[in-house]
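In terms of this note's numbering, the sequence shown is residues 368 to 777.
We put the CB at the ideal spot given by N, CA and C, even for glycine.
In what follows, a single structure is set out as structure tokens and then discussed.
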Amino acid sequence: MKNQYDVIVVGAGPGGSIAAKTAAKNGLDVLLIEKRQEIGDPVRCAEGIGKEGLKHHIEPNPRWICADVKGSRIYSPDETVVEMSEELSGGEVGYVLERKIFDRELVNQAASYGVDVMVKTRATGLINEKGYVRGIKAMYLGDEYNFYSNIVIGADGVESKIGRWGGIDTSLKPSDIEVCAQYLIGNIDTDLNFCHFYLGNEIAPSGYIWVFPKGEKLANVGIGILGSRSGKKRAIDLLSDFVKQKFPEGKILELDVGGVPVSGTIDQTIANGLMLVGDAARQSDPITGGGLVNAMDAGEIAGNVAYEAISASDVSTKMLQRYESRWRKTIGQDIDNDLIVKNKFVEFTDEQLNTFAHSLQNVNFNTMNLKELLYVLFKANKRLLWDLRVLFKEYTKYNKKSQWESEIKS
368 MKNQYDVIVV GAGPGGSIAA KTAAKNGLDV LLIEKRQEIG DPVRCAEGIG KEGLKHHIEP
428 NPRWICADVK GSRIYSPDET VVEMSEELSG GEVGYVLERK IFDRELVNQA ASYGVDVMVK
488 TRATGLINEK GYVRGIKAMY LGDEYNFYSN IVIGADGVES KIGRWGGIDT SLKPSDIEVC
548 AQYLIGNIDT DLNFCHFYLG NEIAPSGYIW VFPKGEKLAN VGIGILGSRS GKKRAIDLLS
608 DFVKQKFPEG KILELDVGGV PVSGTIDQTI ANGLMLVGDA ARQSDPITGG GLVNAMDAGE
668 IAGNVAYEAI SASDVSTKML QRYESRWRKT IGQDIDNDLI VKNKFVEFTD EQLNTFAHSL
728 QNVNFNTMNL KELLYVLFKA NKRLLWDLRV LFKEYTKYNK KSQWESEIKS
């Protein structure tokens, strides 16, 4: 068993796998460890992903695609339905994956480039020398090992310890976490062409319920609510109530629970010899909690920066700032914008959600681009959306500010 590598990646989810693969493609010697005994299991994800984001990293394969959806249907509390095309539905709508197969394929691809993979291997600490992270302490099959490296990439999820051990503040408040539960349900009828989202403070306070088709008579049915809104009824209780009402004949085949960070970007994701990616870096979408594409994009950036830093014999925070800067200019901007929406969304009453949905009922989303859509929203919900004016300025890029701002003020 080797104990010296260029890069060690902790966590074999999509972000960690892409980071390991990218570093290895650049010629680095890489170790990828996973604390669980099986890659991709248990599933802590609704398993939806946008097609373009996925195709950037891997060629789609029917073996791990359960459904190819055409868009989304959003249900307000009074069950007004807003139907949106795939292009306007966000980064979680496009394909519904079988994560147990998908995650293993990503790891297999990393291994094909020479990455060493160890499962049932838990990081127990970091090795520090002269202010630099120089590897990890790990436990494998009951025995303790030290693995040394120039760089450690922490991709160990929402419960990440790597960042905390490296002196990075990754703490989360209850309002920064979505508490999630999901059933895989069989013997149900749902439209295979759409991902379905249900809103309302009674059924999912400051969150939503999703129904993602996974094939004939099969779907992921889950819920995410803010930790600060979790009261006498837990997420699993609210989900069970919904399932009993909507799918009384459904058969529960699996149950998964977990948490997702929705905090927005954190101050720092690097230290000397250390980078964080994915949920460990709090890079998930604050609105939806989705983070697959963000994690893979960040993993690719981290893998490339690892190569640049090691080639320059400089793994200091000054050099690793390249990672920080690159992901913040891309992923980070979207996260910060979506945090503005999330913070407003959690204040919506059911009446406001219904009003919002009613204003969109007659909109043809198949012929409308994003700028036109946002303008329609402004005209129909001037008071409601005034707090989001900075966001809309960013997205619409209108040259004549008065064209929309004067209407909102009126």
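Per DSSP, cross-strand counterpart(s) of residue i
i    : result
W577 : F564, G589
S439 : M451, C562
I603 : In DSSP, I603 forms no bridge with anything.
S516 : Y372
L641 : V519, A638
7 angstroms Cβ cutoff met for residue i and residue j
i    : j    : result
I406 : D483 : no
A391 : G481 : yes
E453 : V460 : yes
G509 : V377 : no
R411 : G625 : yes
A647 : G530 : yes
E401 : V486 : yes
G594 : W577 : no
G778 : A413 : No statement about residue 778 is possible, as the shown extent of the chain runs from 368 to 777 and does not include it.
L641 : V500 : yes
G498 : N639 : yes
S630 : D543 : yes
D373 : N513 : no
I592 : P572 : yes
V449 : A662 : no
Y442 : Y550 : no
K581 : C433 : yes
S384 : A490 : no
D623 : P409 : yes
I552 : I375 : no
Coarse secondary structure for residue i, derived from DSSP in three states
i    : result
F712 : helix
V660 : helix
Q728 : coil
K672 : Lys is not the amino acid found at residue 672; the sequence shown has Val there. Helix.
Q635 : coil
R649 : coil
F614 : coil
S769 : Because S769 carries a pLDDT of 40, less than 50, the predicted location of this residue cannot be relied on, and the following value inherits that uncertainty. In the structure shown, S769 sits in a helix (DSSP, three-state: H, G or I).
E774 : Caution is warranted here: a pLDDT of 43 is assigned to E774, below 50, making its placement in the model unreliable, and the coordinate value is therefore given only provisionally. DSSP places E774 in helix when its eight states are reduced to three.
V474 : helix
Q404 : coil
S692 : helix
A434 : strand
E718 : helix
Residue-level contact to chain B via CB, residue i, 7 angstroms cutoff
i    : result
S607 : Annotation note: the requested chain B is absent from the structure, which comprises a single protein chain.
Host beta strand (DSSP E) of residue i (start-end)
i    : result
Y499 : 499–507
P628 : 618–628
S542 : Where S542 is concerned, there is no enclosing beta strand (DSSP E), given that its DSSP letter is neither H nor E.
A490 : 488–496
D483 : 483–485
V410 : From DSSP, V410 is part of no beta strand (DSSP E); its letter is neither H nor E.
L395 : L395 -> no beta strand (DSSP E), and no H or E assigned at all.
V463 : 462–464
Supposed contact pair residue j and residue i - C-beta distance, whole angstroms, cut 8 angstroms
i    : j    : result
R440 : H563 : 5 angstroms
I698 : A665 : 6 angstroms
Y515 : N393 : In fact, because the Cβ distance is near 19 angstroms, the residues do not count as touching under 8 angstroms.
L606 : A548 : 5 angstroms
K584 : N554 : 6 angstroms
D493 : V519 : Note on residue identity: the sequence assigns Leu, not Asp, to residue 493. Rounded, the Cβ-Cβ distance is 7 angstroms, consistent with contact.
Run of the alpha helix (DSSP H) containing residue i, from where it starts to where it stops
i    : result
L421 : 418–422
R531 : 529–532
I385 : 381–392
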